[in-house]
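*Asks:* First, the structure itself, so that you have it in front of you.
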Amino acid sequence: GENVEQHPSTLSVQEGDSAVIKCTYSDSASNYFPWYKQELGKRPQLIIDIRSNVGEKKDQRIAVTLNKTAKHFSLHITETQPEDSAVYFCAAQTQTGANNLFFGTGTRLTVIP
Amino acid sequence: SAVISQKPSRDICQRGTSLTIQCQVDSQVTMMFWYRQQPGQSLTLIATANQGSEATYESGFVIDKFPISRPNLTFSTLTVSNMSPEDSSIYLCSVTGSGANVLTFGAGSRLTVL
Chain D
4 GENVEQHPST
14 LSVQEGDSAV
24 IKCTYSDSAS
34 NYFPWYKQEL
44 GKRPQLIIDI
54 RSNVGEKKDQ
64 RIAVTLNKTA
74 KHFSLHITET
84 QPEDSAVYFC
94 AAQTQTGANN
104 LFFGTGTRLT
114 VIP
Chain C
-8 SAVISQKPSR
2 DICQRGTSLT
12 IQCQVDSQVT
22 MMFWYRQQPG
32 QSLTLIATAN
42 QGSEATYESG
52 FVIDKFPISR
62 PNLTFSTLTV
72 SNMSPEDSSI
82 YLCSVTGSGA
92 NVLTFGAGSR
102 LTVL
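If you're matching them up, the sequences are chains D and C in order. For the first sequence, the residue numbers in our numbering are 4 to 116. For the second sequence, the residue numbers in our numbering are -8 to 105.
Here it is in structure tokens:
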């Protein structure tokens, strides 16, 4: 099945700085790549996603880039705020079987005021 | 997006017992999944709940340990059987709607096995 690797596992930034989280995947047939944010004690929530027919997508302070050739994608958060502090998970969806989502190991982002 | 109700939200169980977790969605959904999230860890897919047929399990998960039912398009249950402390985890129901890949999660059921 799909194998998704995520780096770094922890990330601390000063408020206002940018944060970048990177993921790689193994299955070249994967074509959907969402990012989830999980605040402490809460459910994971989708914050942005990208499909394989585009290379970049942006939503206000959040952007995601995709390099299908290299099989990696990244989350970029600009002008970070304390409320951005959470665990972020990347995921990749295969196109075989039941279109399952496979998650990375997560990045704990801390934004220091 | 779909609204998912999961219960119980948390439970403390004794070793060797079984617990059934229920997932109710407010609309018909195409796909329902069960994930496990161990403390401080990522989300691991247990199985896809198939309506009217046996669930499809991921490697490392078996039907005898995690029996799943899905009698219709809005409801599913996951049973954690013969529990041990290693089963202490959060179990999350998730769904995708028709024509979309977006996965929505329930609030999760936090299980502690003593």
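Note that beta-carbon positions come from the ideal geometry of N, C-alpha and C, so glycine has one too.
1) Strictly under 8 Å for the Cβ-Cβ distance: is residue 65 of chain C near chain D by that measure?
2) Check this for me: beta carbons of residue 35 of chain C and residue 27 of chain C, under 8 Å apart or not?
3) Determine, for residue 96 of chain D, whether the minimum Cβ-Cβ distance to residues of chain C falls below 8 Å.
4) Comparing the C-beta of residue 39 of chain C with each C-beta of chain D, is any distance below 8 Å?
5) Identify whether residue 17 of chain C lies in helix, strand or coil by the three-state DSSP scheme.
6) In the DSSP output, what is residue 20 of chain D paired with across the bridge?
7) Decide if residue 47 of chain D is buried, meaning its Cβ has at least 16 other Cβ atoms within 10 Å, or exposed.
8) What in chain D is Cβ-close to residue 98 of chain C, meaning under 9 Å?
9) Which residues of chain C have a Cβ atom closer than 8 Å to the Cβ of residue 103 of chain D, listed in chain order?
10) At least one CB of chain D closer than 8 Å to the CB of residue 73 of chain C: is that the case?
11) Going by C-alpha to C-alpha distance, which of D/104, D/95, D/61 sits closest to residue 86 of chain C?
12) Would you mind working out which of D/12, D/57, D/36, D/6 sits nearest residue 50 of chain D, comparing C-alpha positions?
13) Confirm, please, whether the CB-CB distance from residue 87 of chain D to residue 67 of chain D is below 8 Å.
14) Please report the distance separating the alpha-carbon of residue 42 of chain C from that of residue 66 of chain C.
15) Is residue 85 of chain D helix, strand or coil by DSSP?
16) In this structure, how does DSSP classify residue 52 of chain D when only helix, strand and coil are distinguished?
*Replies:* Considering the structure as presented:
1) Mapped onto the second sequence, residue 65 of chain C falls at position 74. Output row for residue 65 of chain C: interface = no.
2) Position 44 of the second sequence, counted from the first residue, corresponds to residue 35 of chain C. Position 36 of the second sequence, counted from the first residue, corresponds to residue 27 of chain C. Contact flag set, yes.
3) The residue you call residue 96 of chain D lines up with position 93 of the first sequence. Chain C, which has a Cβ nearer than 8 Å to the Cβ of residue 96 of chain D, makes this yes.
4) Position 48 of the second sequence, counting from 1, holds the residue named residue 39 of chain C. Closer than 8 Å: yes.
5) Here residue 17 of chain C refers to the residue found at position 26 of the second sequence. In the structure shown, residue 17 of chain C adopts coil according to DSSP, grouped into three states.
6) In the first sequence, the residue the question calls residue 20 of chain D occupies position 17. Note: residue 20 of chain D sits in no beta bridge, so no partner.
7) For the purposes of this step, residue 47 of chain D is taken as the residue at position 44 of the first sequence. Flag for residue 47 of chain D reads buried.
8) Counting from 1 along the second sequence, the entry for residue 98 of chain C is found at position 107. Those within 9 Å of residue 98 of chain C in chain D are 45, 46.
9) Residue mapping note: residue 103 of chain D aligns to position 100 of the first sequence, counting from 1. Within chain C, the residues whose beta carbon sits less than 8 Å from that of residue 103 of chain D are 24, 36, 39, 49, listed in sequence order.
10) Residue 73 of chain C sits at position 82 when you count from the first residue of the second sequence. Interface residue (Cβ-Cβ distance to chain D less than 8 Å): residue 73 of chain C is not classified as such.
11) Taking the second sequence and counting its residues from 1, one reaches residue 86 of chain C at position 95. Comparing Cα-Cα distances from residue 86 of chain C to each of D/104, D/95, D/61, the minimum goes to D/104.
12) Translated into the one-based positions of the first sequence, residue 50 of chain D becomes position 47. Minimum Cα distance to residue 50 of chain D is reached at D/36.
13) The residue you call residue 67 of chain D lines up with position 64 of the first sequence. The residue you call residue 87 of chain D lines up with position 84 of the first sequence. Contact annotation: residue 67 of chain D and residue 87 of chain D have beta-carbon atoms that are not nearer than 8 Å.
14) Within the second sequence, numbered from 1, the residue matching residue 42 of chain C stands at position 51. Within the second sequence, numbered from 1, the residue matching residue 66 of chain C stands at position 75. Looking at the backbone, the Cα of residue 42 of chain C and that of residue 66 of chain C are separated by about 9 Å.
15) In the first sequence, counting from the first residue as 1, residue 85 of chain D sits at position 82. Residue 85 of chain D falls in the helix class under three-state DSSP.
16) Here the question's residue 52 of chain D lines up with position 49 in the first sequence. Three-state result, residue 52 of chain D: strand.
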